[in-house]
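Trainee:
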Amino acid sequence: MILMLRDKLNLVPELPGCYLMHDKKGTIIYVGKAKKLKRRLSSYFNREHTGKTKKLVSEIVDFEYIVTNSETEALVLELNLIKKYDPKYNILLRDDKTYPYIELTNEKYPRLLVVRNINKKKNKHKRIYGPYPNVYAARKTVNLLNRIYPLRKCVNMPKDVCLYYHIHECLGYCKKSISTETVDKIVNEIIYFLNGNYDKVINKIKEEMETASEALNFEKAKELKELIDYINITLIKQKVDLHDNVDRDIFGYYVNNGYISFQVFFLRGGKLVERDSHIHPIVGEINEELEEFISRFYEKDNLKPKEILVPNILEGSIEILKSVLEINVLVPKKGEKKKLLDMAIQNAKISLEKKFQLIEKDEQRTVLANEELGNILNIENLNRVEIFDNSNIFGNFNVSGMVVFENGKPNKNEYRKFSISEQKNDDFNTMKEVIYRRYFRLLKERKTMPDLIIVDGGKNQITATKEVINDLNINIPICGLVKNNKHRTSDLMDNNYNIVNIDRNSNVFHLLTRMQDEVHKYTINYHRQIRSKGSLESILDSVEGIGNVRKKQLLKKYGSLKKIKELSVEQLNEILPLEVAKNLCSLLKTLN
């Protein structure tokens, strides 16, 4: 440990407060809080760490701290400091996800709205329901209620009735005097539904569906059946009900292999309406991670319920959370609430296990597939693969791209672009130029060569690459990715132009396809950039047969790209030879 840090640690008091970690650039990379600052800060430097914490500690060159009067003050200060500095290791809830809600407005003739980014202070007297898992679910629910109940739809009251009145989805509030009793009845039934009681609406739809069937209007009956299915599948998806009509959120967590998984259950009106999952690497102490997660969860636009349930690891933090959140915080010990908390913890565990399973599958698709590719091509320890592709339009705007895969995974920091000096439709010489520039530079700078070169193409591209590699007197295996007539990866051609048989459903084939798609996408994007940035003069320069004299003639006569793009081949032929005029015209058609 740096001597200066040791000296500073000796001066830190055993008091509550916040600490800020700095890297070598002076940037704040982590903010934390502690009941006893000295003990907490010492733990970073006096013990072994793993995962994200180990990486954090390796970057710390200095720290500062702020003493507070209590743990509650420390938590509030921590939240404010995180908001201010956005440190890279305070990764909880960085996605800034907010949920959509449904608002039933308090207007004389109410409307149903999907709202997000709600202002909590202004919403104390608003009728807000949710959260919903996504905007689609919220809108679908609003559309369902608008279909069943003839609410007002227009933002501003029109002078005459609109389409909704004629299709019986509005009572015509703009023209008629609708009684308060009628409006209240509609509003109460909607509130009943939004509080999780779906029976009345389902019965209404069933009655309408039976009427439609009796009238042989099967299309309408089918539409109504789909509405019932939506309620049953989407809204009544979990039959969890505490029967106490209390809005509460439940926070479960699970820790394994350096990761922490959070699961949040949203109960509204006593019923489970939605859940949320977050998985992050662990940086601080478990209880601090959970405490910070819960506090920051309500900093965003998530409405606070009347009560939250938390695991017993936070038993010592209940009063702090109550003070900061200004809501009731409980650690349930038994009964239905304890069962729900256990369910949240179980779901947190399942989410984390699924993540690890996905990581394992990704290993099979990448690292293991890469090893198998090495075995197929007789390359021992295949690590770095460099893949090349060329792109041009009629020989113009000739570019190439190179992407790099290491252990089966793309390393985008190593991608390279090449602007080709010869603007001709000559893929063979383009490939030779790119390969020469790339590997002559690596030789010159004494950098490590790749274990394999893959070119997007067959015999022609492999031959061009082999010629350059042999001339440079370096030994790198080469193969080509051959495409079929649908421009999809078809075969792998080896150094000796033999087709290597690879199962189309294997991880190796999927890896090769990904490599080919990646280099093609990267090169095409670069090609588009070059074309979009091209000035009129550079466009003219890129066409073979247009020299300085002809360029000056075109610029003098027409002056702008827009005017030249409007010319026909015959008009261009007045200044240019016919073939040159055709090439320029074809090129200009490809430009936006």
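Its first residue numbered 3, the sequence shown is counted upward by one per residue in this note's numbering.
Beta carbons are placed, not taken as given, at the ideal position from N, Cα and C, and that holds for glycine.
For A36 versus G19, is the C-beta spacing smaller than 8 Å?
Mentor: The sequence position of residue 36 within the sequence shown is 34, counting from 1. The sequence position of residue 19 within the sequence shown is 17, counting from 1. In contact: A36 and G19 (Cβ atoms closer than 8 Å).
Trainee: By DSSP's criteria, N613 is part of a beta bridge. Which residues make up the other side?
Mentor: Limits of the chain in this structure are 3 at one end and 594 at the other, which puts residue 613 out of reach.
Trainee: Taking the continuous alpha helix (DSSP H) assigned at R490, which residues delimit it?
Mentor: Taking the first residue of the sequence shown as position 1, residue 490 is located at position 488. Run containing R490: none; DSSP gives neither H nor E here.
Trainee: Tell me S402's beta-bridge partners as DSSP assigns them.
Mentor: Within the sequence shown, numbered from 1, the residue matching residue 402 stands at position 400. In DSSP, S402 forms a bridge with N392, F420.
Trainee: Could you tell me if Q240 is buried or exposed, where buried requires 16 or more neighbouring beta carbons within 10 angstroms of its beta carbon?
Mentor: Mapped onto the sequence shown, residue 240 falls at position 238. Low confidence applies to Q240: its pLDDT is 46, below 50, so where it sits in the model is not reliable, and the reading given next is rough at best. Under this definition Q240 is an exposed residue.
Trainee: Is the separation between the beta-carbon of V387 and that of D344 shorter than 8 Å?
Mentor: Counted from its first residue, the sequence shown places residue 387 at position 385. Counted from its first residue, the sequence shown places residue 344 at position 342. Contact flag unset, no.
Trainee: Since V266 contacts I252 with CB under 8 Å, what's their CB separation in whole angstroms?
Mentor: Residue mapping note: residue 266 aligns to position 264 of the sequence shown, counting from 1. Residue mapping note: residue 252 aligns to position 250 of the sequence shown, counting from 1. Going by Cβ atoms, the distance from V266 to I252 rounds to 7 Å, so yes, they are a contact pair.
Trainee: Near L2, which residues of its chain fall below 7 Å by C-beta distance, leaving aside the five closest residues on each side in sequence?
Mentor: The displayed coordinates of the chain run from 3 to 594. Any statement about residue 2 would go beyond what the structure contains.
Trainee: Using the Cβ count rule (16 or more neighbours within 10 Å means buried), how would you classify I30?
Mentor: Taking the sequence shown and counting its residues from 1, the one referred to as residue 30 is at position 28. I30 is buried by the Cβ-count criterion.
Trainee: Of the residues L58, Y103, E293, which one's Cα is nearest the Cα of E73?
Mentor: Position 71 of the sequence shown holds residue 73. The shortest Cα separation from E73 among L58, Y103, E293 belongs to E293.
Trainee: Only counting the same chain, and skipping five residues up and downstream in sequence, which positions put a Cβ closer than 8 Å to that of N409?
Mentor: If you number the sequence shown from 1, residue 409 lands on position 407. Excluding sequence neighbours, N409 sits near T368, V369, N372, N385.
Trainee: From the DSSP secondary-structure annotation, give me the bridge partner or partners of C481.
Mentor: Reading the sequence shown from its first residue, position 479 is the one you call residue 481. BP columns for C481 point to I456.
Trainee: Below 8 Å, how does it come out for the stretch 136-145 and the stretch 102-119: are there three or more Cβ pairs, yes or no?
Mentor: The stretch 136-145 is in contact with the stretch 102-119.
Trainee: Can you tell me which of R448, S60, L39, R418 puts its alpha carbon nearest to the alpha carbon of C436?
Mentor: Working through the sequence shown from its first residue, we reach residue 436 at position 434. The question names Cys, yet the displayed sequence has Val at residue 436. Out of R448, S60, L39, R418, R418 has the C-alpha closest to the C-alpha of V436.
Trainee: Under the three-state reduction of DSSP, which class applies to E576: helix, strand or coil?
Mentor: Sequence index remark: in the sequence shown, residue 576 carries index 574 (1-based). DSSP places E576 in coil when its eight states are reduced to three.
Trainee: Using the Cα positions of E163 and G174, report the straight-line distance between them to the nearest angstrom.
Mentor: Position 161 of the sequence shown, counting from 1, holds the residue named residue 163. Position 172 of the sequence shown, counting from 1, holds the residue named residue 174. The sequence given here has Val at residue 163, not Glu. Whole-angstrom Cα-Cα distance: 6 Å.
Trainee: Can you tell me whether Y499 is buried or exposed, with buried defined as 16 or more other CB within 10 angstroms of its CB?
Mentor: Working through the sequence shown from its first residue, we reach residue 499 at position 497. By the 10 Å Cβ count, Y499 comes out exposed.
Trainee: At which residues does the beta strand (DSSP E) containing E105 begin and terminate?
Mentor: As a position in the sequence shown, residue 105 is number 103, starting the count at 1. It spans 103-106 - the beta strand (DSSP E) in which E105 sits, taken as one unbroken run.
Trainee: Using the DSSP secondary-structure output, state which residues sit across from N330 in a beta bridge.
Mentor: Your numbering for residue 330 matches position 328 in the sequence shown. Per DSSP, E309.
Trainee: Are A466 and M495 touching if we call contact CB-CB under 8 Å?
Mentor: As a working mapping, residue 466 is identified with position 464 in the sequence shown. As a working mapping, residue 495 is identified with position 493 in the sequence shown. Contact: no.
Trainee: What residues in its chain sit with their C-beta under 8 Å from that of K227, if we drop five residues either side in the sequence?
Mentor: The residue given as residue 227 occupies position 225 in the sequence shown. Same-chain partners within the cutoff: M211.
Trainee: Label F195 either buried or exposed according to how many other C-beta atoms from any shown protein chain fall within 10 Å of its C-beta, with 16 as the threshold for buried.
Mentor: Here residue 195 refers to the residue found at position 193 when the sequence shown is read from its first residue. Looking at its Cβ environment, which holds 16 or more other Cβ atoms inside 10 Å, F195 is buried.
Trainee: What would DSSP say about A139, mapped onto helix, strand or coil?
Mentor: By 1-based counting over the sequence shown, the position of residue 139 is 137. Reduced to three states, the DSSP call for A139 is helix.
Trainee: Return yes when the Cβ of G272 is within less than 8 Å of the Cβ of N247, no when it is not.
Mentor: Here the question's residue 247 lines up with position 245 in the sequence shown. Here the question's residue 272 lines up with position 270 in the sequence shown. The answer is yes: Cβ separation under 8 Å.
Trainee: Hey, I480 and I504 are a contact pair by Cβ (cut 8 Å); roughly how many whole angstroms apart?
Mentor: Stepping through the sequence shown from its first residue, residue 480 is reached at position 478. Stepping through the sequence shown from its first residue, residue 504 is reached at position 502. That belief does not hold up - the Cβ atoms of I480 and I504 are roughly 17 Å apart, past 8 Å.
Trainee: Using the beta-carbon count (16 or more within 10 Å), is S393 buried or exposed?
Mentor: Taking the sequence shown and counting its residues from 1, one reaches residue 393 at position 391. Buried, because 16 or more other Cβ atoms sit within 10 Å of the Cβ of S393.
Trainee: In three-state DSSP terms, what is E75?
Mentor: By one-based count along the sequence shown, residue 75 stands at place 73. In this structure, E75 counts as helix in the three-state DSSP scheme.
Trainee: Which partner residues of E408 appear in the DSSP bridge assignment?
Mentor: Along the sequence shown, read from residue 1 onward, the residue named residue 408 stands at position 406. R386, K411.
Trainee: With hydrogens ignored, establish whether the beta-carbon of I104 is closer than 7 Å to any heavy atom of the ligand GTP.
Mentor: Judged by which ligands are present, the structure shown has none, so any question about the ligand GTP falls away.
Trainee: Three-state secondary structure (DSSP) at Y32?
Mentor: Walking along the sequence shown from the start, residue 32 turns up at place 30. Reduced to three states, the DSSP call for Y32 is strand.
Trainee: Considering only residues of the same chain and omitting the five flanking positions on each side of L332, which have a CB-CB separation below 6 Å?
Mentor: By 1-based counting over the sequence shown, the position of residue 332 is 330. Closer than 6 Å at Cβ, skipping near neighbours: L311.
Trainee: Would a C-beta distance cut-off of 8 Å place V14 and L43 closer than the cut-off?
Mentor: For the purposes of this step, residue 14 is identified with residue 12 of the sequence shown, where counting begins at 1. For the purposes of this step, residue 43 is identified with residue 41 of the sequence shown, where counting begins at 1. Taking 8 Å as the Cβ cut-off, V14 and L43 qualify as a contacting pair.
Trainee: Determine, using beta carbons only, whether D519 and Q463 come nearer to each other than 8 Å.
Mentor: Within the sequence shown, numbered from 1, the residue matching residue 519 stands at position 517. Within the sequence shown, numbered from 1, the residue matching residue 463 stands at position 461. Against a cut-off of 8 Å, the Cβ pair of Q463 and D519 comes out as no contact.
Trainee: Taking the continuous alpha helix (DSSP H) assigned at I193, which residues delimit it?
Mentor: As a working note, residue 193 is residue 191 in the sequence shown. Counting along the chain, the alpha helix (DSSP H) containing I193 begins and ends at 182-196.
Trainee: Using only the alpha-carbon positions, how far apart do K187 and D201 sit?
Mentor: Taking the sequence shown and counting its residues from 1, one reaches residue 187 at position 185. Taking the sequence shown and counting its residues from 1, one reaches residue 201 at position 199. Spanning the two alpha carbons is a distance of roughly 16 Å.
Trainee: Would you check if the distance between the CB atom of Y261 and the CB atom of A350 is smaller than 8 Å?
Mentor: As a position in the sequence shown, residue 261 is number 259, starting the count at 1. As a position in the sequence shown, residue 350 is number 348, starting the count at 1. In this structure, A350 does not lie closer than 8 Å to Y261 by Cβ.
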